[in-house]
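J.:
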Ligand SMILES: NC(=O)c1ccc[n+]([C@@H]2O[C@H](COP(=O)([O-])OP(=O)(O)OC[C@H]3O[C@@H](n4cnc5c(N)ncnc54)[C@H](O)[C@@H]3O)[C@@H](O)[C@H]2O)c1
């Protein structure tokens, strides 16, 4: 059995990763460590096999708790998704939580990796640490692109990434950092852009669009992100950084247009809302380094509409999942329908 400690495995990408790994590898056992913030949802993993999926409610920034878990379960690998992730929350209050989860959390996991000689720790990060590109420029984010985070969320993620780098450079601790573009897919918390747009459109309510709507992101299906991490667990080189993206640059307006077409809703079901301060215009990834290891996405640019259709269908098939979220008092203020 290969034992993988997964941080944040009750969230959107983490729960997809746990589910994917258990399905793809019968010899894998997951120790899922999640603090269950408002974004954590045990419903995401409640159907997983209890003999190979062990859930522990704990804070990745709590060294004592993490050390005890590692001593008990002796993981072979660590993959950390745990973080405070909602950019708007990092702007409008709660930044202290971001510093603890996104900076202290990786530091504690680095320390544990070093102390207990764990062969590999992968820290999941974001392309937002690189700052913003302009719409018309050709430039893409490479692994060597200098960090220039503009938003508090991105700054905290960059801080965690740099701590990981320093543990490798100083102590030789085997750590990989990944920078992925925006994910979409099942189990995504309804506060995020695409699920919020779907639920608004289904309710015939206006979909809020920040500013001119020309904010471009490279949308990747969450399953392709999970497959990339799976590959790096075997073929990734400690101390290296890998960018993950699928050349699927789309503006927010384009994404909403496709969603409205799929749902058969009027094209003007949108409303302009005040722009986010410091809003980055465009992110775009050069993923050639991970592609050279043998990774290729199942959902590239051509498959984006299919991916969105499947996501809409997932939300339709899992209405009870959203209804149960709405009954949770701690998250009602975060769900915008
Ligand atoms: N969503 C995206 O598009 C995207 C893109 C690139 C990178 N990422 C990164 O991927 C990771 C997962 O993102 P997501 O969208 O699934 O986030 P999410 O908000 O859906 O899930 C985060 C999970 O982490 C848990 N958590 C938060 N703080 C914790 C702590 N201190 N200790 C233990 N658990 C804690 C939460 O309970 C939740 O289950 C994050 O690190 C994020 O920066 C996300």
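In the numbering used here, the protein residues as written are 629 to 965. C-beta: ideal position from N, C-alpha, C; glycine also.
Check for me: the beta strand (DSSP E) holding residue 769 runs from which residue to which?
T.: Position 141 of the chain shown, counted from the first residue, corresponds to residue 769. Taken as a continuous stretch (DSSP letters only), residue 769 belongs to no beta strand (DSSP E), as it is neither H nor E.
J.: If residue 708 and residue 850 are in contact, beta carbons under 8 angstroms, what's the gap, nearest whole angstrom?
T.: Position 80 of the chain shown holds residue 708. Position 222 of the chain shown holds residue 850. Residue 708 to residue 850, Cβ: 16 angstroms. No contact.
J.: Mapping DSSP to helix, strand and coil, what is residue 869?
T.: Within the chain shown, the letter at position 241 stands for residue 869. Correct three-state label for residue 869: strand.
J.: So, for residue 728: in the same chain, excluding its five sequence neighbours on each side, which residues have a beta-carbon less than 6 angstroms away from its beta-carbon?
T.: Sequence index remark: in the chain shown, residue 728 carries index 100 (1-based). Closer than 6 angstroms at Cβ, skipping near neighbours: 689.
J.: So is residue 764 buried or exposed if we call it buried at 16+ other beta carbons inside 10 Å?
T.: On the chain shown, residue 764 is found 136 positions in, with the first residue counted as 1. Counting of Cβ neighbours within 10 angstroms places residue 764 among the exposed residues, the total staying below 16.
J.: How is the beta strand (DSSP E) around residue 644 delimited, first residue to last?
T.: As a first step, residue 644 must be located in the chain shown, where it is residue number 16. First-last for residue 644: 640-652, but that is the alpha helix (DSSP H), not the beta strand (DSSP E).
J.: So, for residue 571: in the same chain, excluding its five sequence neighbours on each side, which residues have a beta-carbon less than 7 angstroms away from its beta-carbon?
T.: Past the boundaries of the shown model lies residue 571; the chain is included only from 629 to 965, so the question cannot be answered.
J.: Taking 8 angstroms as the limit between beta carbons, can you name the residues of its chain near residue 933, skipping five residues before and five after?
T.: Start at 1 with the first residue of the chain shown, and residue 933 comes out as number 305. Only 886 and 890 meet the Cβ criterion.
J.: How long is the line joining the alpha carbons of residue 844 and residue 836, rounded to whole angstroms?
T.: Counting from 1 along the chain shown, the entry for residue 844 is found at position 216. Counting from 1 along the chain shown, the entry for residue 836 is found at position 208. If you take the alpha carbons of residue 844 and residue 836, they lie about 16 angstroms apart.
J.: Pull up the CB-CB distance for residue 881 and residue 829, whole angstroms please, since I reckon it's below 8 angstroms.
T.: Working through the chain shown from its first residue, we reach residue 881 at position 253. Working through the chain shown from its first residue, we reach residue 829 at position 201. Not confirmed; about 14 angstroms, so no contact.
J.: In chain order, which continuous runs of the alpha helix (DSSP H) of length 4 or greater are located wholly inside the segment 816-891?
T.: 821-830, 850-863 and 880-891
J.: Apart from the five residues just before and just after residue 937, which ones in its own chain have a Cβ nearer than 7 angstroms to its Cβ?
T.: Residue 937 sits at position 309 when you count from the first residue of the chain shown. Closer than 7 angstroms at Cβ, skipping near neighbours: 890.
J.: Name, in chain order, the residues that DSSP records as bridge partners for residue 910.
T.: In the chain shown, the residue the question calls residue 910 occupies position 282. BP columns for residue 910 point to 761 and 844.
J.: Taking only runs that begin and end inside the segment 683-711, name each unbroken beta strand (DSSP E) of 3 or more residues, in chain order.
T.: 705-708
J.: I need the straight-line Cα distance from residue 899 to residue 663, nearest angstrom please.
T.: The count along the chain shown starts at 1 and reaches residue 899 at position 271. The count along the chain shown starts at 1 and reaches residue 663 at position 35. Roughly 35 angstroms separates the two Cα atoms.
J.: Could you spell out where the alpha helix (DSSP H) holding residue 941 opens and where it closes?
T.: In the chain shown, counting from the first residue as 1, residue 941 sits at position 313. It spans 932-945 - the alpha helix (DSSP H) in which residue 941 sits, taken as one unbroken run.
J.: Excluding the five sequence neighbours on either side, which residues of its own chain have a C-beta within less than 8 angstroms of the C-beta of residue 646, listed in chain order?
T.: Counting from 1 along the chain shown, the entry for residue 646 is found at position 18. Result list for residue 646: 634, 637, 658, 660, 673, 676 and 681, in chain order.
J.: In terms of residue numbering, what span does the beta strand (DSSP E) encompassing residue 620 cover?
T.: Within the shown structure, residues of the chain are numbered from 629 to 965, placing residue 620 beyond reach of any answer.
J.: So if DSSP puts residue 812 in a beta bridge, which residue, or which two residues, is it bridged to?
T.: Taking the first residue of the chain shown as 1, we reach residue 812 at position 184. Its beta-bridge partners are 849.
J.: What does the Cβ neighbour count give for residue 865, buried or exposed, with the cut at 16 atoms within 10 Å?
T.: On the chain shown, residue 865 is found 237 positions in, with the first residue counted as 1. Counting Cβ neighbours within 10 Å, residue 865 comes out exposed, since fewer than 16 surround it.
J.: In the DSSP assignment, the alpha helix (DSSP H) including residue 736 goes from what residue to what residue?
T.: Here residue 736 corresponds to residue number 108 of the chain shown, with the count starting at 1. Here the alpha helix (DSSP H) through residue 736 covers 733-743.
J.: For residue 706 versus residue 749, is the C-beta distance shorter than 8 angstroms?
T.: On the chain shown, position 78 is the one that residue 706 refers to. On the chain shown, position 121 is the one that residue 749 refers to. Contact check for residue 706 against residue 749 passes: the beta carbons are separated by less than 8 angstroms.
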